[in-house]
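Trainee:
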Amino acid sequence: MHQLFGRIEKALDAKGYVLGIVFDIEGAFDNTPCEAVRKALSEWNIYVSIQNWITTLIKRREVCIKNEHTDITKGLPQGGGLSLTLWSVVANSLLKWLSKQGIFAQGYADDVVKLKVEYSVPL
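Here it is as structure tokens:
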């Protein structure tokens, strides 16, 4: 937050302007594709055997509700000890991609803010 507000204050002090977009990624944990997790883990150079173990864990979950079983093939386990870390790795890939596009973006859990800062007001 300090870095985010620092950028905003710097632009305003320079009589510039800031356009910010804040968005919440709805269903982030429920809808995270397994391949996105695998790709992000690969970008972090995680051992392939660990990548395989994690993706198998995600793909082969089963839920039992009143004696009816359902296979779950996408998303991250709600309340899972590893889920927040896995989501953070996937979200970090998005933030890195935005940065490569020249866009300042920060994220916290499933919330992201993107800023466009101009230090001189166009005429």
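In the numbering used here, the protein residues as written are 17 to 139.
Backbone N, C-alpha and C define an ideal beta-carbon position, used for all residues, glycine too.
(1) Could you pull the start and end residues of the alpha helix (DSSP H) that A44 belongs to?
(2) Is R23 near V129, with beta carbons less than 8 Å apart?
(3) Less than 8 Å separating the beta-carbons of I38 and D126?
(4) Do you know whose CA, among V34, H18 and V53, lies nearest W69's CA?
(5) Measure the beta-carbon distance from S99 to F45 and round it to whole angstroms, keeping in mind my assumption that it falls under 8 Å.
(6) Whose C-alpha, out of G43, N83 and A27, is nearest the C-alpha of G36?
Mentor: Inspection of the coordinates gives the following:
(1) A44 to N47
(2) Contact: no.
(3) A small correction: the amino acid at residue 38 is Val; Ile does not occupy that position in the sequence shown. No; because the gap between Cβ atoms is not below 8 Å, this pair is not in contact.
(4) V53
(5) With a beta-carbon spacing of about 6 Å, S99 and F45 fall inside the 8 Å limit used to define contacts.
(6) A27
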